[in-house]
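A.B. asks: Input: one structure, supplied below.
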DNA sequence: GGCGCGGGTGCAGACGATTGCGGAAGACTG
DNA sequence: CAGTCTTCCGCAATCGTCTGCACCCGCGCC
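Residue numbers (the numbering used here), protein chains in the order written: chain A, 1 to 352; chain B, 1001 to 1352.
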């Protein structure tokens, strides 16, 4: 079942059959009658072009490398699905790779992808300070960033609007009467961690609140254990916080634990807000208030961008920000009376 | 950078270079001296064979199709990672596809995979009653099943030992004093659903307990909403159950909701056991007791099996069962006094 | 010394599709 | 009616690698 068979059945040369089948219709390289004959023959035979042979000749594999830190992070599956679905519509397939946040492993995986002749890359792994996100020699391969953006916006990217998202969270807490709000920040070498910290400072400023040096603790990784460590520290150095904005749901989980350790109830004693609205955070106890954005859409958009670059290599680099929204659940509640809130007068003071 | 360049540098014919590089060393087609010269040249040039050209010639793509219902199901990411890691060790890559449990979509995806000339398939989507798991004409492609097994064990597969796992759960509940135990069963057209129901009956029999017709409700899908529906029904038709064995963690989540609706506390009024020990079920409230098995290992083992079949096509079909273990958390507790348990005498009867 | 044998290489033809080039018609103009 | 242009199609090369076949050469044996 090759092109030659189709050509024979249609009574034309294989070259003509090829042109007939690949014709963007109308551009007169092949007569309409011939196109009809060939496509009819192809249909009758159920002909499917051999992508391997095609790739060899055209040097395009119709394959895109997708590099993420870890598939087991619940944030990524919906993103991957979005990428794959959109790529499939464009006739491409995704090649997945997990780096486990290990730069050495990442380099090795990118090398493998180059060997496989991927046509482009979608990277969810860039860090600030590694200016060549795709490694040396990648300049020819189209690259799109997802979830994280490049420091200088020099690369096309799709990500949530971290700053706005955190501002929503802060505004929500303030509207509940909170004034002493802490931030468990994400790793500052990631655009998300840095952006969300910026969003926190900005949001607080907008509400007329100051951010002191003890109001922020920076996590080294987006992990529950780090969230626990940071929240402990925050509670220690800032005992009267009534709310914590976590840079990420994982960190928020760590905050839950730290509060439980300290014998504080959430949200009665201290509210917590997360970011990402991962699957199942609505099943936690208490269900987590979190900043949501559409993960699947982020994936689709990233795929869209890489498809555009594949189609027209020189096109301008776009950076797309997805609008976040706050999903209010039970982990946030009114500020406890007795906090330093300007909301009400005195009231009962907590015992601690 | 092609084989011809290497050959030129080594002063041999490309054909010889090819043989030298592909030689399983020792089988004397090429002299050792030549092999040394060629490999040296290849290293010096950093030569990497073009997998596309190689595939075209050898008709092997070094690619394995991995078909799952839905990547967003937390069970699968670790499995996928196991598959990908083991495949990578064998020089293969995985091509992922999600069927969303839609047979039509599955057929279409399998067709795409055939077009892409995958060398084998790992399927997590087989249902009982579809004897041709991979569709017609798949007889030539090696297939391995994962998570679910074929009805007649005719296909190699890797899965948890569903029967043993559920028996562990039942034994645990009985040891806590439970006697009236219900089962929210999984879809019976899936081997997991059927196996776990069988395990439930067997486990109950082993404990000398009978399973009446109202003790089991069968879910149509592994979804929280279905779990809710079934648990509601179970509570209605069997009001005095003190424990529910769910065929799956999703269904267990539904049970949580049904209990909450009914004003019952877990585990004080009714214990719940899940299956799979999905990520984050330890963060639920209460943390879920669940039957665990090693998801990553399951993936690795499936990849191992497909690699074996790829290496020696005729090898006997193995079916591997992974040993399950019970992870006891806070969703299971002593049977409430006043149940029909044989454990103690009368005691306080619950008000309902 | 001639012949046979076998290990090691070179030659060239696939694999299946794409594409520059040129040629053969048909259309159209002067 | 001749010449030019357009349209459509066939020819053959090409992508990079593998592999059946033939060849060459050296060695051993009769």
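Backbone N, C-alpha and C fix where the C-beta goes; we use that ideal spot for every residue, glycine too.
Establish whether the CB of residue 1135(B) and some CB of chain A are separated by less than 9 Å.
C.D. replies: Reading the second chain from its first residue, position 135 is the one you call residue 1135(B). At residue 1135(B) the pLDDT is 46, less than 50, meaning the model places this residue with poor confidence; the figure from the coordinates comes in the next sentence. No - not a single Cβ of chain A is within 9 Å of the one on residue 1135(B).
A.B. asks: Look at the Cβ atom of residue 1125(B), then the Cβ atom of residue 1068(B), and state whether they are nearer than 9 Å.
C.D. replies: Within the second chain, the letter at position 125 stands for residue 1125(B). Within the second chain, the letter at position 68 stands for residue 1068(B). Closer than 9 Å, so yes.
A.B. asks: Beta-carbon of residue 1283(B) versus every beta-carbon of chain A: anything under 9 Å?
C.D. replies: By 1-based counting over the second chain, the position of residue 1283(B) is 283. Yes, contact with chain A.
A.B. asks: Reducing DSSP to helix, strand and coil, say where residue 325(A) ends up.
C.D. replies: Position 325 of the first chain, counting from 1, holds the residue named residue 325(A). Strand, per DSSP.
A.B. asks: Of the residues 1161(B), 1079(B), 1155(B) and 1230(B), which one's Cα is nearest the Cα of residue 1187(B)?
C.D. replies: Position 187 of the second chain, counted from the start, is the residue given in the question as residue 1187(B). For residue 1187(B), the nearest C-alpha among the options comes from 1230(B).
A.B. asks: Going by Cα to Cα distance, which pick from 1303(B), 1292(B), 1331(B) and 1335(B) is closest to residue 1322(B)?
C.D. replies: In the second chain, counting from the first residue as 1, residue 1322(B) sits at position 322. It is 1292(B).
A.B. asks: At which residues does the alpha helix (DSSP H) containing residue 1200(B) begin and terminate?
C.D. replies: Indexing the second chain from 1 puts residue 1200(B) at position 200. Unbroken alpha helix (DSSP H) run through residue 1200(B): 1191-1206.
A.B. asks: Checking contacts by CB at 9 Å: is residue 1329(B) closer than that to chain A?
C.D. replies: In the second chain, the residue the question calls residue 1329(B) occupies position 329. So no, residue 1329(B) is outside the interface.
A.B. asks: The alpha helix (DSSP H) spanning residue 1123(B) covers which residue range?
C.D. replies: Against the second chain, residue 1123(B) aligns to sequence position 123. That residue, residue 1123(B), is in no alpha helix (DSSP H); its beta strand (DSSP E) goes 1120-1123.
A.B. asks: Report the partner residues of residue 1173(B) according to the DSSP bridge assignment.
C.D. replies: Against the second chain, residue 1173(B) aligns to sequence position 173. Per DSSP, none; premise fails for residue 1173(B).
A.B. asks: Taking Cβ-Cβ distances below 9 Å as the criterion, which residues of the segment 73-97 of chain A are in contact with chain B?
C.D. replies: So the close ones are 73, 74, 76, 77, 78, 80, 81, 84, 85, 88, 93, 94, 95, 96 and 97.
A.B. asks: Note down, in chain order, every chain A residue with its Cβ under 9 Å from the Cβ of residue 1064(B).
C.D. replies: By 1-based counting over the second chain, the position of residue 1064(B) is 64. Ordered by position in chain A, no residue passes the 9 Å Cβ test against residue 1064(B), which lies about 12 Å from the chain.
A.B. asks: CB-CB under 7 Å to residue 1318(B), same chain, minus the five flanking residues each way: which ones, in chain order?
C.D. replies: Taking the second chain and counting its residues from 1, the one referred to as residue 1318(B) is at position 318. The answer, listed in chain order, is 1156 and 1305.
A.B. asks: Please state whether the Cβ-Cβ distance between residue 1044(B) and residue 1030(B) is less than 9 Å.
C.D. replies: Numbered from 1 along the second chain, position 44 holds the residue referred to as residue 1044(B). Numbered from 1 along the second chain, position 30 holds the residue referred to as residue 1030(B). Not in contact: residue 1044(B) and residue 1030(B) (Cβ atoms no closer than 9 Å).
A.B. asks: Terminal residues of the continuous beta strand (DSSP E) containing residue 292(A)?
C.D. replies: For the purposes of this step, residue 292(A) is taken as the residue at position 292 of the first chain. Element bounds for residue 292(A): 289-292.
A.B. asks: Would residue 289(A) be called buried (16 or more neighbouring beta carbons within 10 Å of its own) or exposed?
C.D. replies: For the purposes of this step, residue 289(A) is taken as residue 289 along the first chain, with counting starting at 1. Buried is the call here.
A.B. asks: For residue 1092(B) versus residue 1064(B), is the C-beta distance shorter than 9 Å?
C.D. replies: Here residue 1092(B) refers to the residue found at position 92 of the second chain. Here residue 1064(B) refers to the residue found at position 64 of the second chain. Cβ atoms of residue 1092(B) and residue 1064(B): closer than 9 Å.
A.B. asks: For residue 1017(B), count neighbouring C-beta atoms within 10 Å of its own C-beta (all shown protein chains included) and say buried if the count is 16 or more, exposed if not.
C.D. replies: Position 17 of the second chain, counted from the start, is the residue given in the question as residue 1017(B). So residue 1017(B) ends up on the buried side.
A.B. asks: Of all Cβ atoms in chain B, is any one closer than 9 Å to the Cβ of residue 52(A)?
C.D. replies: By 1-based counting over the first chain, the position of residue 52(A) is 52. Yes, residue 52(A) counts as interfacial toward chain B.
A.B. asks: Measuring straight from C-alpha to C-alpha, what distance separates residue 271(A) and residue 282(A)?
C.D. replies: Numbered from its first residue, the first chain carries residue 271(A) at position 271. Numbered from its first residue, the first chain carries residue 282(A) at position 282. Roughly 15 Å separates the two Cα atoms.
A.B. asks: Buried or exposed, going by whether 16 or more other CB atoms sit within 10 Å of the CB of residue 1089(B)?
C.D. replies: Sequence index remark: in the second chain, residue 1089(B) carries index 89 (1-based). By the neighbour-count rule (16 or more Cβ atoms within 10 Å), residue 1089(B) is not buried but exposed.
A.B. asks: Within the continuous beta strand (DSSP E) that includes residue 35(A), where are the two ends?
C.D. replies: Mapped onto the first chain, residue 35(A) falls at position 35. Element bounds for residue 35(A): not the beta strand (DSSP E) but the alpha helix (DSSP H), 32-45.
A.B. asks: For the segment 291-315 of chain A, list every residue whose C-beta sits within 8 Å of some C-beta in chain B, in sequence order.
C.D. replies: If the cut-off is 8 Å between Cβ atoms, the segment 291-315 of chain A has nothing near chain B.
A.B. asks: Select from the segment 212-237 of chain A all residues with a C-beta closer than 7 Å to any C-beta belonging to chain B, and list them in chain order.
C.D. replies: Answer in chain order: no residues at all.
A.B. asks: Below 6 Å CB to CB, which residues in the same chain sit around residue 241(A) once its five sequence neighbours on both sides are set aside?
C.D. replies: Here residue 241(A) corresponds to residue number 241 of the first chain, with the count starting at 1. Same-chain partners within the cutoff: 180 and 182.
A.B. asks: Listing by chain order, which chain A residues have their CB less than 7 Å from the CB of residue 1253(B)?
C.D. replies: One-based indexing of the second chain puts residue 1253(B) at position 253. Chain A residues near residue 1253(B): 283.
A.B. asks: Less than 9 Å separating the beta-carbons of residue 1227(B) and residue 1258(B)?
C.D. replies: Sequence index remark: in the second chain, residue 1227(B) carries index 227 (1-based). Sequence index remark: in the second chain, residue 1258(B) carries index 258 (1-based). Their beta carbons are under 9 Å apart, which means residue 1227(B) touches residue 1258(B) by this criterion.
A.B. asks: Below 8 Å, is the gap between the Cβ of residue 320(A) and the nearest heavy atom of the ligand PLP?
C.D. replies: This structure simply doesn't include the ligand PLP, nor any ligand for that matter.
A.B. asks: Would you mind sorting residue 993(B) into buried or exposed? The rule is 16 or more other CB atoms within 10 Å of its CB.
C.D. replies: Here chain B has residues from 1001 to 1352 only, and residue 993(B) is not among them.
A.B. asks: Name, going along the chain, the residues of the segment 11-35 of chain A whose beta-carbon falls closer than 7 Å to a beta-carbon of chain B.
C.D. replies: Answer in chain order: no residues at all.
A.B. asks: The beta strand (DSSP E) with residue 274(A) in it runs from where to where?
C.D. replies: Position 274 of the first chain holds residue 274(A). From DSSP, the beta strand (DSSP E) with residue 274(A) extends over 271-276.
A.B. asks: Closer than 9 Å by beta-carbon distance: list the chain B residues that pair up with residue 279(A), in chain order.
C.D. replies: For this step, residue 279(A) is matched to residue 279 along the first chain. Residues of chain B passing the Cβ test: 1072, 1074 and 1280.
A.B. asks: Which same chain residues end up closer than 8 Å to residue 5(A) when comparing Cβ atoms and leaving out the 5 residues on each side of it in sequence?
C.D. replies: Mapped onto the first chain, residue 5(A) falls at position 5. Result list for residue 5(A): 45 and 47, in chain order.
A.B. asks: What does DSSP give as the partner residue(s) for residue 98(A) in the beta ladder?
C.D. replies: Numbered from 1 along the first chain, position 98 holds the residue referred to as residue 98(A). According to DSSP, which records beta bridges pairwise, residue 98(A) is partnered with 68(A).
A.B. asks: Is the beta carbon of residue 1253(B) closer than 9 Å to that of residue 1284(B)?
C.D. replies: The residue labelled residue 1284(B) in the question sits at position 284 within the second chain. The residue labelled residue 1253(B) in the question sits at position 253 within the second chain. It is a contact, given that the beta carbons lie within the stated cut-off.
A.B. asks: Let me know the secondary structure DSSP gives residue 264(A) once reduced to three states.
C.D. replies: Walking along the first chain from the start, residue 264(A) turns up at place 264. Coil.
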